[in-house]
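Before any comments, here is the structure.
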Amino acid sequence: MYSQNERMANHYLSSFFIISLLISAPIFAAPSIELPEDELAKETVLPVFEKPGMVRMRNIVTRKKIEIGLHYGWLMTEPIFDTSRIGLTGYYHTNEDTAWGALFYAHSTGLSTYANQLGKPRFDLDFNRAPKPLYSVYLDYNKKLFYGKMSLSKITSVNMHLQGLLGFGLTQYENNKTYPSLSAGAGYKFYLTKQLSLRTDLRLLIHQAPTPFKKGALTSATDPGYGVFKDRLHFTNTLDIGFNYLF
Amino acid sequence: MKKLFFTLFLITALTGESAFAQDSDVEELNLIEMELDRKSKPVAENSEVEDSSQAETAKSVQTQSQSQKNLPEVKSLEDLNRLADFKQVSVIQRRFLPRTERLQLFVSPTLTLNDPWFNVYGGTLRAAYNFREAWGIEVGYAFLSTSKSEALRELDKENNTIGKNIVNTKSYYSVDVNWTPIYGKMTWLDQQILYYDTYFSGGFGGTEIQDGSSQPTIHLGVGQIFSMSKKMAFRWDLSWNFFEAKQIDQTSNGSFNNVFLSAGFSFFFPEATYR
Numbered sequence: 011m012y013s014q015n016e017r018m019a020n021h022y023l024s025s026f027f028i029i030s031l032l033i034s035a036p037i038f039a040a041p042s043i044e045l046p047e048d049e050l051a052k053e054t055v056l057p058v059f060e061k062p063g064m065v066r067m068r069n070i071v072t073r074k075k076i077e078i079g080l081h082y083g084w085l086m087t088e089p090i091f092d093t094s095r096i097g098l099t100g101y102y103h104t105n106e107d108t109a110w111g112a113l114f115y116a117h118s119t120g121l122s123t124y125a126n127q128l129g130k131p132r133f134d135l136d137f138n139r140a141p142k143p144l145y146s147v148y149l150d151y152n153k154k155l156f157y158g159k160m161s162l163s164k165i166t167s168v169n170m171h172l173q174g175l176l177g178f179g180l181t182q183y184e185n186n187k188t189y190p191s192l193s194a195g196a197g198y199k200f201y202l203t204k205q206l207s208l209r210t211d212l213r214l215l216i217h218q219a220p221t222p223f224k225k226g227a228l229t230s231a232t233d234p235g236y237g238v239f240k241d242r243l244h245f246t247n248t249l250d251i252g253f254n255y256l257f
Numbered sequence: 178m179k180k181l182f183f184t185l186f187l188i189t190a191l192t193g194e195s196a197f198a199q200d201s202d203v204e205e206l207n208l209i210e211m212e213l214d215r216k217s218k219p220v221a222e223n224s225e226v227e228d229s230s231q232a233e234t235a236k237s238v239q240t241q242s243q244s245q246k247n248l249p250e251v252k253s254l255e256d257l258n259r260l261a262d263f264k265q266v267s268v269i270q271r272r273f274l275p276r277t278e279r280l281q282l283f284v285s286p287t288l289t290l291n292d293p294w295f296n297v298y299g300g301t302l303r304a305a306y307n308f309r310e311a312w313g314i315e316v317g318y319a320f321l322s323t324s325k326s327e328a329l330r331e332l333d334k335e336n337n338t339i340g341k342n343i344v345n346t347k348s349y350y351s352v353d354v355n356w357t358p359i360y361g362k363m364t365w366l367d368q369q370i371l372y373y374d375t376y377f378s379g380g381f382g383g384t385e386i387q388d389g390s391s392q393p394t395i396h397l398g399v400g401q402i403f404s405m406s407k408k409m410a411f412r413w414d415l416s417w418n419f420f421e422a423k424q425i426d427q428t429s430n431g432s433f434n435n436v437f438l439s440a441g442f443s444f445f446f447p448e449a450t451y452r
């Protein structure tokens with residue numbers, strides 16, 4: 011009935027069919043394999059990649075970009091002089107992790123509420139005789155340690171940076187002297203858009219400055235001048251808040 | 178005969194392949210492909226379909242998309258019961274550190290950031306309970322130690338003023354409502370992911386000052402909780418207290434405010450095993 015060639019073809023096809031069944035048979039069976047207890051993994055491990063990276067596509071890209079800002083600064087532990095200052099900032103982002111910047115502050119030249127209380131008749135201390143800070147300039151280094159995003163009640167999401175701050179600067183006082191200062195702290199930057207951000211910085215300022223307390227100098231009939239006020243090291247906490255624009 | 182064997186061979190091979198597809202990874206892959214199909218719908222609609230198979234695929238995707246549109250929008254957990262199998266995939270964003278119906282104990286050192294006359298250090302203890310993920314109540318107590326700053330020592334020495342009359346805080350307690358509208362994640366130097374919540378708190382309490390009296394206090398606060406595990410977290414808190422007390426001349430009252438910075442650890446009870 012069949013020719014020699016047809017029988018050969020049928021033979022090959024039968025063989026293929028049997029082999030296919032044999033291959034798929036263990037899959038259909040799906041037997042449960044029991045392994046000895048001591049051969050089972052006792053700990054989990056994570057793969058270590060050569061180039062680990064958590065963020066593949068940043069929404070906010072700062073690398074090689076310039077940023078300018080306008081800030082209000084609060085000198086939180088300034089006892090005598092006005093605690094406000096206004097700052098202009100400019101930064102250059104060398105990469106996604108670091109930025110270098112320059113800060114300029116103009117100090118308010120009034121007195122604090124404590125100085126006003128001490129100026130009342132009972133104490134009669136005139137702190138206007140002491141040299142006040144006028145301007146400050148800083149070179150600032152930012153290390154962008156954390157980059158992330160946050161959801162505001164599932165309505166919208168905002169990107170942010172949490173960064174370490176390190177600065178060195180000079181402050182000009184009314185006595186025509188310039189005093190050095192160091193600053194260190196941490197700051198948040200919340201991106202309202204891809205360019206505009208709200209920035210807040212908390213710093214500890216370690217700075218040389220004239221002390222405004224000198225016996226007799228604040229109460230005497232004649233103003234003894236700025237020369238009687240001695241210099242010493244001060245520690246001041248500062249809180250800045252302002253807006254930055256990235257372009 | 179050849180056709181019969183060839184058909185049997187094909188069926189066997191295809192059956193074997195479908196057996197492999199039971200693997201969960203492949204299921205996930207199928208889901209992803211389904212998602213990609215769904216995303217490619219506008220292209221299928223706009224492009225001119227050339228052959229019948231492409232037209233069939235486009236029709237299938239369109240039908241699937243249409244059926245998805247007809248499905249109810251998921252607004253609560255109960256709505257998940259009405260989802261059709263593999264037609265609508267709903268993603269529930271889980272918080273890494275759940276807080277609903279859990280007690281939180283917070284322990285941390287504390288310092289005052291804005292006192293020019295005293296160095297103020299101490300500790301804070303707080304207990305919070307969250308009724309919902311975003312809302313909770315918290316009671317707290319801070320005990321503080323004060324020492325004169327360099328400025329106050331100079332003021333007293335050079336000008337013989339009454340430093341003891343300058344208001345300083347010995348302790349404060351508060352009852353607050355906590356609102357946690359913000360949560361998110363951040364990466365540390367592109368190496369590690371951290372989950373965190375940002376909360377705001379507001380409440381009332383009392384501030385014990387240097388003369389032993391307790392002044393009614395309004396408390397506002399903001400802080401963040403960084404999850405370390407499902408039962409422990411790093412937390413920082415910035416608290417701003419407002420109260421009234423006598424000024425340095427002891428004749429008139431004035432407004433005072435303290436800014437406290439606390440950074441410590443929170444512990445959550447009971448264990449979050451239900452997620």
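Each protein sequence line maps, in turn, to chains W and V.
Going by this note's numbering, the first sequence opens with residue 11, and the numbers climb by one from there.
Going by this note's numbering, the second sequence opens with residue 178, and the numbers climb by one from there.
Beta carbons are placed, not taken as given, at the ideal position from N, Cα and C, and that holds for glycine.
Keep in mind the model is a prediction, meaning the values are calculated, not measured.
- Flagged as an interface residue toward chain V: residue 244 of chain W, by a C-beta distance shorter than 9 Å.
- In this structure residue 194 of chain W is in contact with residue 176 of chain W, their Cβ atoms being roughly 5 Å apart against a cut-off of 8 Å.
- Interface criterion met: the Cβ of residue 132 of chain W is under 9 Å from a Cβ in chain V.
- Along the stretch 408–423 of chain V, there is no position whose C-beta sits under 8 Å from a C-beta of chain W.
- The Cβ atoms of residue 328 of chain V and residue 348 of chain V lie no closer than 9 Å to each other.
- Contacts between residue 157 of chain W and chain V, judged by CB atoms closer than 7 Å, involve 363 and 364 in chain order.
- Against chain V, the beta carbon of residue 161 of chain W has neighbours under 9 Å at 270, 358, 359, 360 and 361, listed in chain order.
- Per DSSP, the unbroken alpha helix (DSSP H) holding residue 126 of chain W starts and ends at 123–128.
- Residue pairing by DSSP places residue 188 of chain W opposite W/182 in a beta bridge.
- For residue 435 of chain V, the enclosing beta strand (DSSP E) starts and ends at 430–446.
- With contacts defined as CB atoms closer than 9 Å, residue 303 of chain V and residue 283 of chain V qualify as a contacting pair.
- For the stretch 286–299 of chain V, the set of residues with a beta-carbon nearer than 8 Å to any beta-carbon of chain W comprises 290, 291, 292, 293 and 294, in chain order.
- Residue 218 of chain W does not reach chain V, its nearest Cβ partner there being about 13 Å away, counting only Cβ pairs nearer than 7 Å.
- Residue 381 of chain V and residue 400 of chain V have their C-alpha atoms roughly 17 Å apart.
- Note on geometry: alpha-carbon atoms of residue 280 of chain V and residue 449 of chain V lie some 11 Å from one another.
- By alpha-carbon distance to residue 236 of chain W, the top candidate from W/250, W/197, W/143 and W/213 is W/143.
- Close to chain V, meaning a Cβ-Cβ distance shorter than 9 Å, are the following residues of the stretch 218–232 of chain W: 221, 222, 223, 224, 225, 226, 227, 228 and 229.
- Nearest CB-CB separation between residue 373 of chain V and chain W: below the 9 Å threshold.
- Chain-order list of chain V residues neighbouring residue 234 of chain W: empty, with the shortest C-beta distance near 13 Å, by a criterion of under 8 Å.
- Contact between the stretch 204–214 of chain W and the stretch 180–190 of chain W is absent, with fewer than three C-beta pairs closer than 8 Å.
- Interface criterion met: the Cβ of residue 343 of chain V is under 9 Å from a Cβ in chain W.
- Within the DSSP secondary-structure output, residue 402 of chain V pairs in a beta bridge with V/374 and V/412.
- Boundaries of the beta strand (DSSP E) around residue 349 of chain V: 346–365.
- Looking at W/109, W/94 and W/92, the one whose alpha-carbon comes closest to that of residue 100 of chain W is W/109.
- The criterion of a C-beta distance shorter than 9 Å is not satisfied by residue 202 of chain W and residue 248 of chain W.
- Taken through DSSP and simplified to helix, strand or coil, residue 233 of chain W comes out as coil.
- By alpha-carbon distance to residue 376 of chain V, the top candidate from V/307, V/331 and V/322 is V/307.
- For the stretch 67–99 of chain W, the residues whose beta carbon sits under 7 Å from a beta carbon of chain V are, in order, 86, 87, 88 and 89.
- From the listed residues W/155, W/114, W/246 and W/221, the smallest Cα separation to residue 368 of chain V is found for W/155.
- Contact annotation: in the stretch 381–405 of chain V, no residue has its CB less than 8 Å from a CB in chain W.
- Interface flag for residue 325 of chain V against chain W is unset, since no Cβ pair is found closer than 9 Å.
- Leaving aside the five residues that flank residue 69 of chain W on each side, the residues in its chain whose CB is nearer than 6 Å to its CB run, in chain order, 169.
- In the structure shown, residue 329 of chain V falls within a helical segment according to DSSP collapsed to helix, strand and coil.
- DSSP places residue 137 of chain W within a helical segment (H, G or I) once states are collapsed to three.
- For residue 321 of chain V, no Cβ of chain W is located within less than 9 Å of the residue's own Cβ.
- Here residue 230 of chain W is exposed. Its C-beta has fewer than 16 other C-beta atoms within 10 Å.
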